[in-house]
Amino acid sequence: MNRQSLPEAQGFPTSANLRASFGAPPEFVRLSGPGTLVRLVPFGPITPESLELKDTRSSGCFWLDEELLLRLLQQARSELTQQESMARKRRSAPPFNVLLGNHVRQCLRENLAICRDWTPDFNAFLRLHLTPEDSLTVLAGPVGRQAQGGTPSAHGAPAHRTTWLMGQALQYVIDFGLPGNRTYTGRILGPFLF
375 MNRQSLPEAQ
385 GFPTSANLRA
395 SFGAPPEFVR
405 LSGPGTLVRL
415 VPFGPITPES
425 LELKDTRSSG
435 CFWLDEELLL
445 RLLQQARSEL
455 TQQESMARKR
465 RSAPPFNVLL
475 GNHVRQCLRE
485 NLAICRDWTP
495 DFNAFLRLHL
505 TPEDSLTVLA
515 GPVGRQAQGG
525 TPSAHGAPAH
535 RTTWLMGQAL
545 QYVIDFGLPG
555 NRTYTGRILG
565 PFLF
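All you need for this note's numbering is the position in the sequence shown, starting with 1, plus 374.
Pasting the structure below:
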């Protein structure tokens with residue numbers, strides 16, 4: 375991906391909460407290819423908890439570089455193939471593609487510092503391919519770490535152990551309502567299952 379820094383005034387409005395999701399001050403950049411962005415999404419209109427989902431194609435703003443997803447998929451295939459060959463006697467193991475999807479989601483959860491358990495929800499991804507001629511305005515920066523668990527007691531101390539999800543994957547926040555970004559929604563492909 376090619377990134378060109380932009381002045382803050384050429385970006386789009388953002389909330390303090392959105393900016394707090396970054397591990398370092400984010401910056402507005404003009405993004406072009408060659409490269410592909412991906413967005414994690416649930417596959418299907420209803421979650422396992424029976425919640426009806428809206429189409430996130432144009433409203434979803436959090437994206438990441440496809441290279442991270444591909445690297446994690448390759449690593450997961452390698453590790454699971456090795457485990458499978460070492461434990462051939464397993465009788466009731468889930469199918470390989472289910473194990474692969476679960477492994478990748480757990481790795482993404484750590485890299486993206488997603489503090490709630492979303493493993494069953496995000497089982498697919500959308501793709502947005504960018505060419506060198508493209509010019510997409512995004513807010514970019516590393517994901518900040520977040521605490522998972524550790525519900526505070528009345529005295530403010532954690533009631534149980536807190537686990538820190540480290541984050542640090544590069545995230546791209548895209549406002550598809552921005553005039554220069556609107557046309558890209560028509561180029562989003564998917565969803566593709568893990």
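Beta carbons: idealized from backbone N, C-alpha and C, even for Gly. Everything numeric in this text was worked out from a predicted model, so none of it was measured.
Open item on the list: Quick check: the Cα distance between T505 and R377, rounded to an integer number of angstroms?
Closed with: By 1-based counting over the sequence shown, the position of residue 505 is 131. By 1-based counting over the sequence shown, the position of residue 377 is 3. Approximately 12 Å, taken between the alpha carbons.
- [ ] Within 10 angstroms of the Cβ of F499, are there 16 or more other Cβ atoms? Answer buried if so, exposed if not.
- [x] In the sequence shown, residue 499 corresponds to position 125, counting from 1. It counts as buried.
Task: Residue of L438, S395, R404, R393 minimising C-alpha distance to L414 - done: The residue you call residue 414 lines up with position 40 of the sequence shown. Closest by alpha carbon: L438.
Open item on the list: For N471 and L447, what's the separation of their Cα atoms in angstroms?
Closed with: On the sequence shown, residue 471 is found 97 positions in, with the first residue counted as 1. On the sequence shown, residue 447 is found 73 positions in, with the first residue counted as 1. Between N471 and L447, the C-alpha separation is close to 11 Å.
TODO: Taking N376 as part of the beta strand (DSSP E), name the residues at either end of that continuous run.
DONE: Working through the sequence shown from its first residue, we reach residue 376 at position 2. Its beta strand (DSSP E) spans residues 376-379.
Open item on the list: Looking at the secondary structure, which residues open and close the alpha helix (DSSP H) in which L392 lies?
Closed with: As a first step, residue 392 must be located in the sequence shown, where it is residue number 18. That run of the alpha helix (DSSP H) goes 390-394.
Task: chain B within 7 Å of L447, Cβ atoms only - done: Reference to chain B is not applicable here, since this structure consists of a single protein chain.
- [ ] Quick one: residues in its chain with C-beta nearer than 7 Å to the C-beta of D508, no 5 flanking neighbours on either side, listed in chain order?
- [x] Counted from its first residue, the sequence shown places residue 508 at position 134. Excluding residues within five positions, the ones whose Cβ falls inside 7 Å are S406, G407.
- [ ] Assign F499 to one of three DSSP states: helix, strand, or coil.
- [x] The sequence position of residue 499 within the sequence shown is 125, counting from 1. Shown here, F499 sits in a strand according to DSSP, grouped into three states.
Task: Under the three-state DSSP convention, the category A398 falls into - done: Locating residue 398 in the sequence shown gives position 24, where the first residue counts as 1. Coil at A398, not helix or strand.
Open item on the list: Could you check whether N555 and L510 sit closer than 7 Å to each other, using their CB atoms as the reference points?
Closed with: In the sequence shown, residue 510 corresponds to position 136, counting from 1. In the sequence shown, residue 555 corresponds to position 181, counting from 1. Yes.
Task: Cutoff 8 Å; reference P400; Cβ partners in own chain excluding five residues on either side - done: Taking the first residue of the sequence shown as position 1, residue 400 is located at position 26. The answer, listed in chain order, is R393, L513, A514, G515, V547.
TODO: Just grab the DSSP bridge partners of I548 for me.
DONE: Counted from its first residue, the sequence shown places residue 548 at position 174. According to DSSP, which records beta bridges pairwise, I548 is partnered with V512.
Task: Cβ-based neighbour list, D549, same chain, cut-off 7 Å, excluding 5 preceding and 5 following - done: Position 175 of the sequence shown, counted from the start, is the residue given in the question as residue 549. Non-local C-beta neighbours of D549 in its own chain, meaning closer than 7 Å and more than five positions away in sequence, comprise F386, C435, N555, ordered along the chain.
Task: Cα-Cα separation, A487 to Q456 - done: Position 113 of the sequence shown holds residue 487. Position 82 of the sequence shown holds residue 456. Low confidence applies to A487: its pLDDT is 44, below 50, so where it sits in the model is not reliable, and the reading given next is rough at best. Rounded to the nearest angstrom, the two C-alpha atoms are 27 Å apart.
Open item on the list: Whole angstroms are fine: how far does the CA of S395 sit from the CA of V517?
Closed with: On the sequence shown, residue 517 is found 143 positions in, with the first residue counted as 1. On the sequence shown, residue 395 is found 21 positions in, with the first residue counted as 1. Taking the straight line from one Cα to the other gives about 6 Å.
Open item on the list: Does T525 pass the burial test, meaning 16 or more other C-beta atoms within 10 Å, or should it be called exposed?
Closed with: Here residue 525 refers to the residue found at position 151 of the sequence shown. Since pLDDT at T525 reaches only 49, below the 50 mark, its modelled position is unreliable, and no value is offered.
TODO: Can you check DSSP and say which residues form a bridge with G409?
DONE: Locating residue 409 in the sequence shown gives position 35, counting from the first residue. In the DSSP output, where bridge partners are listed per residue, G409 has L504.
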